[in-house]
Each structure stands twice: as C-alpha cells, then as structure tokens.
Amino acid sequence: MSLYESVFTTSGSSYDGSDSSRTSMVLHGNYHDFDVTWAVFGEHTLAACLSHRATNLNIEVLIKFPFLDNFTTSTGFVRSFDCGESKHGSSMALVGSRLKNLESGMNWIDIVESALVRAAYASQLEQDVDRSHLMLRTHDIVAQIRESIISKTRRSIITSTWSSSLEAMCYEFFHPKKLRKYLELFWTHWYPNWPTVHQPTFDVCAKSSGRLAAMTIVGACLSSDDRDRALAQLWFDPIEEIVFDDDTFSIQDPSLAWQSSGNMELCDRQLDLLQAAYCICLYQTWEGGKASRKRIIRHRFSSLVFLARDIGFTSASLRTVDTSNLSSFNWVEYIQRESLIRIFMYIFNLDSAFAQFYRHSPRMSISEMEVDLAAPDVCFQATSAEECFVALKIWRNSFHSPADNLTVSSTVRALCDPGTNTSAEYRQAFAHLSVLNMFTVISALYAETHRLETSIIRSFNNNETSALSTALHQWKEFWPSPIRDAELAGLDHGTSKTIGFIRHAPEYWLLTHLILQNRIKRDKINDVPAVMRCADGEMTHTRALITNFQRLDPGDIG
C-alpha cells in the first residue's frame, strides 16, 4: 500500500462524523494535530507551487482588479471577502481552497486534505467540552443583552423592546449548540481574514462574553442558513453597546498593564476588548445598515483607535520575549504580545481601508506605528511552548543589523530609501516578511498617498512623491519571495492555514501606485484636485477609480 493510500485508509476508518469529535476543536480553536502529515506530500506540492509562483506580479491580471472590483460593488462578508458556507460549501472541504494558486493537476491534494481534516476531528474525541460550562456562557450573554435593552437610555442605539419572544430568540441564537456552529464558521471561514486570536489556547469558557458574542455574530453572518443571518442582526446593536460601554475605554492609563509581566489578567481583558470592538466594527460596516456604518466610521472606530493609542503602540513588541534558551522563554507573554501586535496591525489596516474606500482621512499616522512586525503563523499557531520557541528563534535569526528590530514605521522608512534594495541584510529581511506584514506596509503607503492625493498643496520639490514612488517600486521588487510562495500555498513549515483577503496585497499596491501617478501628473500640469467628499455608505470614488484604471494598457504601467 502506498503512503498516500494509507492516508485515505487511516482517515476513512477513524472518523465517525459525530459532533462530539469536533466540539473541543471548534471551541478551543485547535486545528493542528494533522500538521505533521503535511510533510508526506509537502515537497511535491511546494515544487508545483514554485513552478507557478503565487507572488509573481502579473500586471495584465492585476489591472483587472479581480478582488477589488468585486469588493467595491458588493456588500456583506460572504460576497465582499469571498468566504462563508455559501461560497465554499461545508467547512470540511474549505481547506483545499488555499491550493488554488497551484497547477491544475493537483486535485488529488484537495481530497487528501479533506481526509486529513476529518482525521483531525476524530483525534479530538477525548476533549469534549462540558456542556454545562457552555450553557453558563449562554445565560451570561442573554443576561447582558436583557440588561442592555431594559436599561437603555434615551440616546441608546438599541431600538428593540425586551419581551418573552425576544428572549426566546436570544436563547435560540446563543444556545450552546448554535455557539458551536457559529464558532466553527468563524474559525473556518473568517479566521483566515483576521488571524489575531490565538487559536491553540482559545477557551470559550475563559474569554469575555462580549468577545464571544461578537465572534459568534461574525460566524452567524457567514452561515448559509437565512434564519441564522436574520437572527444575528437582532443582536448587532445590543452587543455593540455592551462592548463600547466597557469601563476599559475610560481607564486613565491602560499602558501600565503592559509594562511588566505581572499583569497578564489585565492584559487579557484589554486584548479581549480590542478584539471584540474590532469584530463589531467589521460586522456593522459590512453587514449593518448605512446608519450603523456611519456610526462605526465616525465614532466607534475612533474610540477603538484611541484605546489602542492609550495602551501604547510600543507595547506591541516582542523585545521582552527572551529566546536565548527555553527556560527563559515565556510562551504566555509571547501570545499576549503577538496578539497585541496583530490587532494593532489590523486596526491600522482598517483605518487605511476607511480612507481608501470611504474617503475618511486616516486617524493614525505611520510615524506612531512603532509596532513590531508580526511573527510568522508557524510561531503564532504553535501548539506548545517548545514548538513556538524553536520557530520564533529561527525567524529571529533571519534578521541581521541594520535590518533587525524592524517595526511597521521603520520598515516603511526603509522602503523609502533607494539604497535598501542594494542591502543584502534588507533583501533577506523583506524575503522573510509574512503576507500580513507586506499587506500592512502597503496599507501604510496608501495612507500616505491618500494624504497627498487629497492635499491642495502642490509638491514643488517632489520629495514626498519621490519617496513614495521609491517605496512602491521597492515593495514591488521585494514582493516575490519563496517564503511567501509557501505561505500563500499553505505549506509554510507544515502548517495548514489558508490566507484571507490580504493575499490580494498586489492589487492594493497597483491601486496605490496608479493613484500616486495621477497625483504626480496633476502636479506637472498644476491641476487643482477635485473637492474630497466623504462617503459613509458607499465606495463610489474608489469604484470609479478602478473602472478608469481597468481601461489602461498594462504595457503603460511602470
């Protein structure tokens, strides 16, 4: 029997299809027991991947803006981000989608992947969650929603009135069985778009009710069941009010919690709130009505940015995480710091997105983003301290002075320097940056381009436009990388993760590049820019830009 046949035989005989075999995995986020099996066919798949590199920049394809063209004309998570049950079928079959960048003859890998996922579910049989504990979370969430509706003030955003029928629907939506379903949808379909929560140690019974409810709502929005999605909308506003009324938003100096390793409980609380608030900004922007979207963009997101700023962007650093030896390595501290790095990155990226798609001036600046670059997923998804220690130490050894200790801000500054491309240390550093890091960098470059695009002041000395042009050119040169090829194919160090919308970073690069070129042309003819109008509910400006750019000849794009 061949090795591949044994994979099918083993997985087919061990999986019983029962819900109990998946419960612990779904609630605790553990999807890692089958990672080792990837080594069986990893070499073959990687070879196929490298024959069709995922990071090759094909301008003829990019100029069509296949992702952004759809994104600017769609609503909802499923259509906008191309995810959810209706897009990918059952969660059991989703994993194969990450191989779409490979050659067309790789269908057998999709079959093996599906079998491996089933085997992973079977391995979780002994970790079934105590249902009574989960029911306590249900009662807690319902109690908080009841209190928020009954005690709503005159200025409350909640319009519902508490009743026995509403209570019944609340218990229906947050019932343990539904919590399991919606969390599975979250982990399988949304997590690739937002890998900020530490899956291996996620405990549904230990996290705040606000974050659990927000994650549950996001998962329900991805369901193919109309009732799931309709019920979710009932709780959009109550959960928003519960989370944004949290006392943590008014703490005098939340950064104190991160100045030593003895405040882990308080740090966890702040992380929970950041993640819950971000989820709310997401579902209200893409799933809510126009009034909700306007409230998020104008008010709620600003509160989230100010909380991040109060915690301190310099707190999002691994500099205190010791990897000199295993005994000195604090895995819990790494998890907290890395989680903070990632949520800060996504807040920054969303700020840039609001500028790009809704014409709102960025609230954050590149200069304040003294946030460490994110470590690779092989570190963040490690299931043990030992595994994480090894992966993190290897990654750190990839960076050498002057390209070590990079932050988002210093990385952007380096790209603006024409000499960076000739530095062996920087070339190696950029080759080892993850897709998330490269996407965050292009978000930063767009934010600066947006500022120039909307400025009425002509760039007489061209210093700013020249620096941005240099940065965009070098981003383009650095993007192709075997490390990112493997990551986009889901084969980085044997992990089985798919990459979400950030894999479309080249489209964001091209859009930013073309917008900057337009600005440079305007300066040359002394043209006055059109009046900037904010669009709280529509992406009309960006949509019009994309339509115009799609008419360009790819050969004319530098």
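Residue numbers (the numbering used here): 2 to 559.
Think of the CB as a built atom: it goes at the ideal place given N, C-alpha and C, for glycine as much as any other residue.
In this text, all values refer to a predicted model and were calculated from it rather than measured experimentally.
Report yes or no: do the segment 347-356 and the segment 435-446 share at least 3 C-beta pairs separated by less than 8 Å? yes
Can we say the segment 238-252 touches the segment 159-174, given the rule of at least three CB pairs closer than 8 Å? yes
Taking C-beta to C-beta, are Val436 and Ile344 nearer than 7 Å? no
Under three-state DSSP, which class holds Thr286? helix
Residue range of the unbroken alpha helix (DSSP H) whose run includes Cys389: Ala386 to Arg397
What alpha helix (DSSP H) runs, 4 residues minimum, are completely inside the segment 315-375? 332-359
Who are the near neighbours of Val333 in its chain, counting only those whose CB is closer than 8 Å to its CB and skipping five residues on each side? Met265
Within this structure, are the beta carbons of Leu63 and Glu508 separated by less than 7 Å? yes
Judging by CA-CA distance, which residue of Ile312, Trp480 and Val322 is the nearest neighbour of Ile503? Trp480
How is the alpha helix (DSSP H) around Gly85 delimited, first residue to last? It is not in any alpha helix (DSSP H) - Gly85 carries neither H nor E in the DSSP assignment.
Have a look at Leu58 and Glu478 and give me their C-alpha separation to the nearest angstrom. 9 Å
If you count every other CB in all the chains shown that lies within 10 Å of the CB of Ser166, and 16 or more means buried, which is it? exposed
Pairs of beta-carbons, one from the segment 538-557 and one from the segment 352-370, closer than 8 Å: are there three or more? yes
Grouping DSSP H, G and I as helix and E and B as strand, with all else coil, what is Arg99? Low confidence applies to Arg99: its pLDDT is 38, below 50, so where it sits in the model is not reliable enough to give any reading.
Measure from the alpha carbon of Gly556 to the alpha carbon of each residue in Thr56, Arg54, Ile60 and Ala55, then state which is nearest. Ile60
I'd like the list of long-range same chain contacts for Leu515, defined as Cβ closer than 7 Å, with 5 residues on each side in sequence excluded. Phe550
At 3 residues or longer, what runs of the beta strand (DSSP E) sit wholly inside the segment 411-446? none
Secondary structure at Thr450, three-state DSSP: helix, strand or coil? helix
Classify Asp373: buried if its beta carbon has 16 or more other beta carbons within 10 angstroms, exposed otherwise. buried
Output the distance between the C-alpha atoms of Phe78 and Ser329, rounded to the nearest integer angstrom. 42 Å
Relative to the C-alpha of Gly220, which residue among Asp226, Tyr183, Leu232 and Thr202 is closest? Tyr183
Between the beta-carbon of Cys282 and the beta-carbon of Phe302, is there less than 7 Å? yes
Which one of Arg364, Ala278 and Ser325 has the shortest CA to CA distance from Ala392? Ser325
Closest by CA to Leu267, which one among Leu341, Ser368 and Asp227? Leu341
Take Glu488 and list the residues in its own chain whose beta-carbon comes closer than 6 Å to its own, dropping the five residues that flank it on each side. Val436
Distance check for His451 and Gly313, CA to CA, integer angstroms please. 25 Å
Nearest-angstrom Cα distance between Asp1 and Gln145? Look at the range of the chain in this structure, 2 to 559, and you will see that residue 1 is not part of it.
Pull up the CB-CB distance for Tyr1 and Thr139, whole angstroms please, since I reckon it's below 8 Å. Outside the shown range of the chain, which is 2 to 559, sits residue 1, and nothing can be said about it.
Put Thr499 into one of helix, strand or coil per three-state DSSP. coil
Given a threshold of 16 other Cβ atoms within 10 Å of its Cβ, counted over all protein chains shown, does Thr412 qualify as buried or as exposed? buried
Please confirm whether Ala445 and Ile367 have their CB atoms less than 7 Å apart. yes
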